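Working notes for the structure below.
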Amino acid sequence: MKKETRFKFNAYMTQLGKIYGVSAQEFSDTKVPIEPSAAQKLETTIQQSAEFLTHVNIVPVDDQIGEAIGLGIGSTIAGTTDTTAKDRETSDPIKLTKNSYLCQKTNYDTHLDYAKIDMWAKFTDFQTRIRDAIIRRQALDRIMIGFNGTHRADNSDRKKYQLLQDVNSGWLQKVRERAPDHVMGSITQDGTTTAKPVYVGKGRAYQNFDALVQDTIDKAIDPEYQDDTGLVVICGRKLLSDKYFPLVNKDQNNSEKLAADTIISQKRIGDLPAVRAPFFPDNAFFITRLDNLSIYFLADSRRRQVLDNAKRDRIENYESVNEDFVVEDFRGVALVENIVFEEAKETPPENKDVIAPENDAVTEETPTDNKKEK
Numbered sequence: 007m008k009k010e011t012r013f014k015f016n017a018y019m020t021q022l023g024k025i026y027g028v029s030a031q032e033f034s035d036t037k038v039p040i041e042p043s044a045a046q047k048l049e050t051t052i053q054q055s056a057e058f059l060t061h062v063n064i065v066p067v068d069d070q071i072g073e074a075i076g077l078g079i080g081s082t083i084a085g086t087t088d089t090t091a092k093d094r095e096t097s098d099p100i101k102l103t104k105n106s107y108l109c110q111k112t113n114y115d116t117h118l119d120y121a122k123i124d125m126w127a128k129f130t131d132f133q134t135r136i137r138d139a140i141i142r143r144q145a146l147d148r149i150m151i152g153f154n155g156t157h158r159a160d161n162s163d164r165k166k167y168q169l170l171q172d173v174n175s176g177w178l179q180k181v182r183e184r185a186p187d188h189v190m191g192s193i194t195q196d197g198t199t200t201a202k203p204v205y206v207g208k209g210r211a212y213q214n215f216d217a218l219v220q221d222t223i224d225k226a227i228d229p230e231y232q233d234d235t236g237l238v239v240i241c242g243r244k245l246l247s248d249k250y251f252p253l254v255n256k257d258q259n260n261s262e263k264l265a266a267d268t269i270i271s272q273k274r275i276g277d278l279p280a281v282r283a284p285f286f287p288d289n290a291f292f293i294t295r296l297d298n299l300s301i302y303f304l305a306d307s308r309r310r311q312v313l314d315n316a317k318r319d320r321i322e323n324y325e326s327v328n329e330d331f332v333v334e335d336f337r338g339v340a341l342v343e344n345i346v347f348e349e350a351k352e353t354p355p356e357n358k359d360v361i362a363p364e365n366d367a368v369t370e371e372t373p374t375d376n377k378k379e380k
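For the sequence shown, the working numbering gives the first residue as 7, with consecutive numbering after it.
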């Protein structure tokens, strides 16, 4: 590390110490517990670094295990009472089924090589660059786990599970396991998910993607949520491309192009707004309110240590937090996966009784041994 870089890095460590209420040396010597107020500021910064996370809830909790808070409105409350005959009775507007959470430890360990830090030292926003590099990756990994996580392994394997499936159980997995009636395209039993493809195309039960979305709302979303104007369709880039590519993959005059551009800019599927999310599984979509998705973190669980590892020519950042991915109300969600876009194959009718052509009809007068009569 260059002398100028060392000076700037020491200033960075001093600033971290001020934020967390410890000396720079202590911050380097041991894992420092981060105060809840500082942890909340850090969580807010992480949330704001990825656009999708700004639409979901990041919630601090005091207990590692507990019941979901229930941030939405889940029941009607209007009514009438004849008070001459009985007392008025209150209603719980957040009437949820039992839905527990468990905040488990996740490590967000990173390192930056001396060479990279030397390059960044040339810029006036040196400290901001280091912070943003770490925070941005934490935010993206949270989204990846939320949509792809299926379980938590004692020792995660990033080579085998490149989408972090083994770091924690994400939102979609929670729906598979706890609300199977709200899932189409798969069956999950004892943690194992078996695909049951949903076909879309000419001659199928669903002629197009929009029909599938509308039918999913009717069949898999509870009645009190079906008309909720906050519902959206979360999907990935590939599924949106499958829907809109035919609109642009043809010769168009100006009016047709303008109409196609308007449709694509609105991005609606089955009359619901489409939200493209990073790392969302291909050939699947998820209907919900965005504020029905949460990430709970244990308020006093965040730990951090920054080490200057000269043996590896790099700065190492060890950071951890206990967290869980929570669906607040399963009544307002629907997951459809393993979608296959394929037209039905035309099957020719079975001909049980084959009638011989008139000229080849066999009769008692016709020889069947193909011998000519003399």
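Even glycine gets a Cβ: it sits at the ideal position worked out from N, Cα and C. Small disclaimer: the values here were computed from a predicted structure and weren't measured.
Do residue i and residue j have their C-beta atoms closer together than 9 Å?
i, j, result
"V342", "N298", "no"
"L278", "L218", "no"
"N323", "D115", "yes"
"E325", "Q144", "yes"
"R310", "K37", "yes"
"P66", "P42", "yes"
So residue i is in the beta strand (DSSP E); what residue range does that whole segment cover?
i, result
"Q110", "Q110 to N113"
"N16", "N16 -> not in any beta strand (DSSP E); alpha helix (DSSP H) instead, spanning K9 to Y26."
"F291", "F291 to R295"
"E73", "I71 to E73"
"T199", "T198 to A201"
Closer than 7 Å by C-beta to residue i: which residues in its own chain qualify, once you throw out the five before and the five after it? Chain order, please.
i, result
"Q179", "G155 and T156"
"D119", "D319 and R320"
"S271", "Reliability of the predicted coordinates at S271 is poor, the pLDDT of 40 falling under 50, and the value obtained from them is presented with this limitation in mind. Excluding positions up to five away in sequence, the list is empty."
Using a Cβ-Cβ cutoff of less than 6 Å, which residues in the same chain neighbour residue i once the five nearest sequence positions on both sides are dropped?
i, result
"Q220", "G276"
"G415", "For the chain, the structure presents residues 7 to 380; residue 415 sits outside this window and is missing."
"S4", "Nothing about residue 4 can be reported from this structure: the residues present for the chain run from 7 to 380 only."
"T369", "Below a pLDDT of 50, predicted positions are generally treated as unreliable, and T369, at 45, falls in that range; the measurement from the model is reported next regardless. Counting only Cβ-Cβ distances below 6 Å, and skipping sequence neighbours, we find nothing."
"G152", "G176, W177 and F331"
"K105", "According to the sequence provided, residue 105 is Asn. The question's Lys does not apply to it. Cβ within range, chain order: A74."
Under the assumption that residue i contacts residue j (Cβ atoms under 8 Å), give the Cβ distance between them as a whole number of angstroms.
i, j, result
"V281", "V239", "7 Å"
"A44", "Y18", "At roughly 16 Å, the Cβ-Cβ gap does not stay under 8 Å, so A44 and Y18 are not in contact."
"F331", "S175", "7 Å"
"F15", "L22", "Going by Cβ atoms, the distance from F15 to L22 rounds to 11 Å, so no, they are not a contact pair."
Using the C-alpha atoms, what's the distance from residue j back to residue i?
i, j, result
"G76", "W177", "15 Å"
"K273", "D93", "50 Å"
"V28", "S247", "50 Å"
"I321", "K122", "10 Å"
"D147", "G191", "26 Å"
"F129", "R142", "19 Å"
"Q110", "D234", "33 Å"
"I136", "T194", "41 Å"
"I301", "D131", "30 Å"
"S97", "E230", "16 Å"
"A30", "I52", "23 Å"
"A6", "T82", "This structure cannot settle anything about residue 6, because the visible part of the chain is limited to 7 through 380."
Within the same chain, show all residues whose beta-carbon is closer than 8 Å to that of residue i, passing over the 5 residues directly before and after it, in chain order.
i, result
"G197", "T156, H157 and E183"
"E381", "This structure does not reach residue 381, given that the chain is present from 7 up to 380, and the question cannot be answered."
"Q54", "T60"
"A283", "F58, I149, F153, I240, C241 and G242"
"E10", "A127"
Could you pull the start and end residues of the alpha helix (DSSP H) that residue i belongs to?
i, result
"P229", "P229 to Q232"
"L170", "No alpha helix (DSSP H) holds L170; DSSP gives it neither H nor E."
"S43", "P42 to Q54"
"D88", "Per DSSP, D88 belongs to no alpha helix (DSSP H) and is neither H nor E."
"N323", "Premise fails: N323 lies in the beta strand (DSSP E), R320 to V333, not in any alpha helix (DSSP H)."
"L178", "W177 to R184"
"T96", "Per DSSP, T96 belongs to no alpha helix (DSSP H) and is neither H nor E."
"Y120", "Y120 to W126"
When the cut-off is 9 Å and only beta carbons count, does residue i lie next to chain D?
i, result
"V189", "No chain D appears in the structure shown, which is made up of a single protein chain."
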